[in-house]
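Q:
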Amino acid sequence: MTTGYFFPHRHILGIDHLTSTDIQHILSTAHSFKEISSRPIKKVPTLRGNTIINLFFEPSTRTRLSFEVAAKRMSADTFNISASTSSATKGETLIDTARNITAMNPDTIIIRHAFSGAPHMLTRYVDAAIINAGDGTHEHPSQGLLDMMTVQEHKGRLDGLKVAIIGDIAHSRVAHSNILGFSKMGSEVYVYAPATLMPPALGQLGAKVCTSLTEAVEDADVVMTLRIQKERQNDPLLPSFREYSRQYGITREIVERASPDAIIMHPGPINRGVELTPDLADCSQSVILDQVTNGVAVRMALLYLVMGNAPVGGE
Amino acid sequence: METSYLITNGRVLDPRNSRDETGDILVCDGLFASPEEAGSNYVEIDASGCWVVPGLIDMHVHLREPGEEYKEDILSGTRAAAAGGFTAVACMPNTNPVNDNAAVTAMILDRARDASARVYPVAAISKGSTGESLAEFGDLQEAGAVAVSDDGLPVRNSQLMRRALEYASDFGLRVISHSEEPSLSGGAMNEGEVSTRLGLKGIPAIAESIMVYREIALAEYTGKPVHIAHVSTAMSTELIRSAKARGVPVTAETAPHYFTLTEAAVEGYDTNAKMNPPLRTEEDRQAIRSGLADGIFDAIATDHAPHSILEKEVEFDLAANGIIGLETSLSLSLALVRDGVIDAQRLIELLSVQPAALLGVAGGTLAIGAPADLTIIDPDAEFTFLEECIVSKSKNSPFLGRKLRGRAVLTMMGGRITHSLLPGV
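If you read the sequences in order, they're chains A and B. Mind the numbering: the first sequence is residues 2 to 316 in our numbering, read in order. Mind the numbering: the second sequence is residues 7 to 431 in our numbering, read in order.
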């Protein structure tokens, strides 16, 4: 079965590089891999003999485990490096770390890093495929993709929807990836945040900046909320969690302003009681755990698709 | 007995002496002499098709010596200067140790004895540039400092800056301000569209203009001059424009990257586009160009800031600020003349005449009897700016690989040729 389309990307650095066709192809591939995770024997040989390194410079529960589960279910060999136990603590630079890892011939390096642009920099210095598992405040493409997959499953489509994203937009790589992704697929993203947490020129990413929580959430098909951090580098952004939860937190009353079959999403980890009331995280409208399940499928798809663009041996 | 040179057929551009004409220049015993006295014992240099101008002077350069000689030192930096057409540079004090005392100033001047360009040390405003107490301006001036600055850092304490303006004027030292409000700063690039898209913390334009306004207010109140370094924004340009119109003793410089590039150069996280103040928007770039056309800026100065791959081949947030500039300044500045922003006379004022005046040093003139510092410029010579051809020890430039037009084909300091691309010279 051949199509005219060929997935052209050697690396997954962000949603910004992907076309809507690329995104749909990734989601369809993810969909076809999803059922593997519900078999009794959750294994296919697709990536057998592949070496995949998880290089995480920031803590992670979901993303790291999800990439590892995805890789192992496809029979790849995975290895985890976390910065706190690596020679990065002795001052070894990121480039040197990557070069040394590359000398052991990995096929794919999955990197999460505190600095935006770190995955881009790696592509200039190493031969492996690079997958961005979150870089600074820039992007978290696999999260954006699993969020889109979840919405597509529940709504049957990705165009013509109203997606509301509430929270620390300025510092959220998840928000950036979602704004880019949903806009590319033909939906409208409405964002709301305290003014101190709204970055400049957000409109050019494709989001509509709202002036109230109700404006953002009114008739929304998707209500997505993000984790809030109180302190950040000497910048007095918010007075307290209490104020944030009272003024910007998602409650039952707020959700009632959205569409009756709106779904509630959160990338995790959740500060229960801060960005959303505890009961909402577990209610019937919440698809938060579906997001996590889809995360494995999306990551299987990404690992599979970048391998298709590996240079052939001898070249 | 030094070689005498007769430079013939060039376009002699000498704004200080109101000359813009084809003519000959005679250099004898390290000074300019009247061409009629040429006699027969000289080397002729044919400058047809070229401009012959007073030696270019860069009043904002980091030579990194003492302390960071792996990035650049006085000899390599002045060789780079000569290659760029400069006969003199003013070097900033943010070395290690900081140049806040006569001993370091003297060491720099001693090292500069064999240099390919004259070196004028700028000393620190405050001891250690910590912004707490004044450095000994009298001592520094006696040792050879020509100006003071805490460049690299702003002077946070307004009272200290006020006292610096007052005290420096007693010694004829110009105070050069690195204008940045630190609590608004602390980002990696200009705050705006591109920083949001790249996920980088931004430095808003007001971080610069708020401090520029403070310096203007201090100069106006004390009546003492202040010079604003590396202006990058439209708002700062406007503030300086209206201050000058009011007669405030403020002068200002800008750098070639601010009238050539914008924040778009950071795309792809290119650390060779990272400097402080950062590259700004297209509106800012146009305002800088208008400011040059309207005489708001007194000088073009590169802020030549060499960094090695240790500092630049890292994550964008961690990369050091700064780019080299001595070897591209002239080409980029000549583009202003080609684009009709300024004329050739004004270019030489910005690159030679006014820097000499602002620093209170000789230069900026081709007058008979003056030290023979001159530059021969081929305004049409095309070349590709290749890393392997860079004279500076460091190669951190956003113009790598770019095709440039116009360059210095000969640089002469005190009658001695320090750089030549001319055959047989």
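Think of the CB as a built atom: it goes at the ideal place given N, C-alpha and C, for glycine as much as any other residue.
So, does the segment 285-303 of chain A touch the segment 253-269 of chain A, judging by three or more C-beta pairs under 8 Å?
A: Yes, the segment 285-303 of chain A is in contact with the segment 253-269 of chain A.
Q: Using a Cβ-Cβ cut-off of 8 Å (strictly less than) and excluding sequence neighbours within five positions of valine 307 of chain A, which residues of its own chain qualify?
A: By one-based count along the first sequence, residue 307 of chain A stands at place 306. Closer than 8 Å at the Cβ level, and outside the excluded window around valine 307 of chain A, lie His10, Arg11, His12, Ile13, Thr109, Ala130, Ile132.
Q: Taking contact to mean at least 3 C-beta pairs separated by less than 8 Å, is the segment 210-218 of chain B in contact with the segment 182-189 of chain B?
A: Verdict: yes, contact present.
Q: Taking C-alpha atoms, which residue in B:Ile246, B:Ala112, B:Gly420, B:Lys401 lies nearest to alanine 129 of chain B?
A: Taking the second sequence and counting its residues from 1, one reaches residue 129 of chain B at position 123. Cα-wise, what sits closest to alanine 129 of chain B is B:Ala112.
Q: Starting from valine 58 of chain B, follow its DSSP beta bridges and name the residues at the other end.
A: Looking up residue 58 of chain B in the second sequence gives position 52. Note: valine 58 of chain B sits in a beta bridge opposite B:Val18, B:Ile382.
Q: If you draw a straight line from the alpha carbon of glycine 168 of chain A to that of valine 299 of chain A, how long is it in whole angstroms?
A: Here the question's residue 168 of chain A lines up with position 167 in the first sequence. Here the question's residue 299 of chain A lines up with position 298 in the first sequence. Cα to Cα, glycine 168 of chain A sits roughly 24 Å from valine 299 of chain A.
Q: So for aspartate 120 of chain B, helix, strand or coil by DSSP?
A: Sequence index remark: in the second sequence, residue 120 of chain B carries index 114 (1-based). Of the three classes helix, strand and coil, the one that applies to aspartate 120 of chain B here is helix, per DSSP.
Q: Look at the alpha carbon of tyrosine 249 of chain A and the alpha carbon of alanine 235 of chain B, and state the distance between them as a whole number of angstroms.
A: The residue given as residue 249 of chain A occupies position 248 in the first sequence. The residue given as residue 235 of chain B occupies position 229 in the second sequence. Distance between the alpha carbons of tyrosine 249 of chain A and alanine 235 of chain B is about 43 Å.
Q: Counting contacts by CB-CB distance shorter than 8 Å, is threonine 268 of chain B in contact with chain A?
A: Position 262 of the second sequence, counted from the first residue, corresponds to residue 268 of chain B. No, its Cβ sits nowhere closer than 8 Å to a Cβ of chain A.
Q: Any idea what DSSP makes of glycine 145 of chain A, helix, strand or coil?
A: Indexing the first sequence from 1 puts residue 145 of chain A at position 144. Residue state, collapsed to three classes: helix.
Q: Please report how far the alpha carbon of histidine 114 of chain A lies from the alpha carbon of alanine 225 of chain B, in whole angstroms.
A: Here residue 114 of chain A refers to the residue found at position 113 of the first sequence. Here residue 225 of chain B refers to the residue found at position 219 of the second sequence. Their backbone Cα atoms lie some 46 Å apart in a straight line.
Q: Which residues in chain A sit within 7 Å of tyrosine 275 of chain B, going by Cβ to Cβ distance?
A: Position 269 of the second sequence, counted from the start, is the residue given in the question as residue 275 of chain B. Near tyrosine 275 of chain B (Cβ distances below 7 Å), the residues of chain A are Gly118, His121, Met122.
Q: Give, in chain order, every unbroken run of the beta strand (DSSP E) that is at least 3 residues long and sits entirely within the segment 92-118 of chain B.
A: As far as the segment 92-118 of chain B is concerned, its whole beta strand (DSSP E) runs of at least 3 residues are 92-97.
Q: What would DSSP say about glutamate 140 of chain A, mapped onto helix, strand or coil?
A: Within the first sequence, residue 140 of chain A is the residue found at index 139, counting from 1. If DSSP states are grouped into helix, strand and coil, glutamate 140 of chain A belongs with the strands.
Q: DSSP puts glutamate 388 of chain B in a beta bridge; with which residues?
A: What you label residue 388 of chain B is simply residue 382 of the second sequence in a count that begins at 1. Glutamate 388 of chain B pairs with B:Arg411.
Q: Which residues does DSSP pair with threonine 437 of chain B in a beta bridge?
A: Because chain B is modelled from 7 through 431, residue 437 of chain B falls outside the range shown and cannot be assessed.
Q: Within 8 Å of any Cβ in chain B, is that where the Cβ of threonine 138 of chain A sits?
A: Counting from one through the first sequence, the residue named residue 138 of chain A turns up at place 137. By this cut-off, threonine 138 of chain A is an interface position.
Q: Going by Cα to Cα distance, which pick from B:Glu273, B:Gly407, B:Ser238 is closest to glutamate 259 of chain B?
A: Numbered from 1 along the second sequence, position 253 holds the residue referred to as residue 259 of chain B. It is B:Ser238.
Q: Starting from the C-beta of glycine 91 of chain B, find all residues in its chain whose C-beta is less than 6 Å away, skip the five residues before and the five after it, and write them out in chain order.
A: For the purposes of this step, residue 91 of chain B is identified with residue 85 of the second sequence, where counting begins at 1. Cβ within range, chain order: Leu62, Leu336, Thr381, Ala414, Thr417.
Q: Looking only at C-alpha atoms, which of B:Glu221, B:Glu148, B:Pro284 sits nearest to glycine 198 of chain B?
A: Here residue 198 of chain B refers to the residue found at position 192 of the second sequence. Nearest of B:Glu221, B:Glu148, B:Pro284 to glycine 198 of chain B, Cα basis: B:Pro284.
Q: Based on Cα-Cα distance, which residue from A:Glu219, A:Asp148, A:Asp220, A:Ser241 lies nearest to proline 195 of chain A?
A: Numbered from its first residue, the first sequence carries residue 195 of chain A at position 194. It is A:Ser241.
Q: Closest to serine 403 of chain B by C-alpha separation, out of B:Gly346, B:Glu393, B:Arg411, would be which residue?
A: Locating residue 403 of chain B in the second sequence gives position 397, where the first residue counts as 1. Taking only the C-alpha atoms, the option nearest serine 403 of chain B is B:Glu393.
Q: Counting only runs of 3+ residues fully inside the segment 134-186 of chain B, write out the beta strand (DSSP E) ranges in chain order.
A: Here the runs fully enclosed are 153-155, 180-183.
Q: For alanine 176 of chain A, return the contacting residues in chain B, with the cut-off set at a CB-CB distance below 7 Å.
A: Here residue 176 of chain A refers to the residue found at position 175 when the first sequence is read from its first residue. Per Cβ cutoff of 7 Å: no residues; alanine 176 of chain A is ~10 Å from chain B at best.
Q: Hey, is aspartate 30 of chain B's beta-carbon within less than 8 Å of any beta-carbon in chain A?
A: As a first step, residue 30 of chain B is located in the second sequence; it is residue number 24 there, counting from the start. Chain A contact via Cβ: absent.
Q: Compute the beta-carbon to beta-carbon distance between proline 262 of chain B and isoleucine 306 of chain B, rounded to the nearest angstrom, for a pair I have assumed lies under 8 Å.
A: Within the second sequence, residue 262 of chain B is the residue found at index 256, counting from 1. Within the second sequence, residue 306 of chain B is the residue found at index 300, counting from 1. The pair is a contact, with the Cβ atoms about 7 Å apart (cut-off 8 Å).
Q: When you compare the segment 238-252 of chain B with the segment 275-292 of chain B, are there three or more beta-carbon pairs, one atom per stretch, that lie closer than 8 Å?
A: These segments touch.
Q: Rank B:Ser155, B:Val272, B:Tyr219 by C-alpha distance to the C-alpha of arginine 247 of chain B and give the top, closest one.
A: Position 241 of the second sequence, counting from 1, holds the residue named residue 247 of chain B. Of the candidates B:Ser155, B:Val272, B:Tyr219, the one whose C-alpha sits nearest the C-alpha of arginine 247 of chain B is B:Tyr219.
Q: Helix, strand or coil for valine 432 of chain B per DSSP?
A: The structure shown does not extend to residue 432 of chain B, since chain B is modelled only from 7 through 431, so no value can be given for it.
Q: What number of angstroms, rounded off, separates the C-alpha of alanine 86 of chain B from the C-alpha of leucine 69 of chain B?
A: On the second sequence, position 80 is the one that residue 86 of chain B refers to. On the second sequence, position 63 is the one that residue 69 of chain B refers to. The straight-line gap from Cα to Cα measures roughly 10 Å.
Q: List, in order along the chain, the chain A residues whose C-beta lies closer than 7 Å to that of glutamate 214 of chain B?
A: Sequence index remark: in the second sequence, residue 214 of chain B carries index 208 (1-based). Correct list: empty, because the minimum Cβ distance to chain A is about 16 Å.
Q: Measuring CA to CA, which of B:Arg422, B:Ala271, B:Gln351 is closest to isoleucine 329 of chain B?
A: The residue labelled residue 329 of chain B in the question sits at position 323 within the second sequence. Checking every option, the nearest Cα to that of isoleucine 329 of chain B belongs to B:Ala271.
Q: With the cut-off set at 8 Å, would you say valine 70 of chain A and threonine 103 of chain A are in Cβ contact?
A: In the first sequence, the residue the question calls residue 70 of chain A occupies position 69. In the first sequence, the residue the question calls residue 103 of chain A occupies position 102. Cβ distance not < 8 Å, so valine 70 of chain A and threonine 103 of chain A don't count as in contact.
Q: What is the C-beta distance between arginine 124 of chain B and alanine 94 of chain B, in whole angstroms, given that I count them as a contact (C-beta under 8 Å)?
A: Taking the second sequence and counting its residues from 1, the one referred to as residue 124 of chain B is at position 118. Taking the second sequence and counting its residues from 1, the one referred to as residue 94 of chain B is at position 88. So it is a contact: roughly 4 Å between Cβ atoms.
Q: Strictly below 9 Å CB to CB, what residues from chain B border glutamine 205 of chain A?
A: One-based indexing of the first sequence puts residue 205 of chain A at position 204. Under the 9 Å cutoff, chain B gives Glu199, Thr202, Arg203.
Q: For the 8 Å Cβ check, are there 3 or more pairs between the segment 49-67 of chain A and the segment 77-85 of chain A?
A: Contact between the segment 49-67 of chain A and the segment 77-85 of chain A is present, because at least three Cβ pairs lie under 8 Å.
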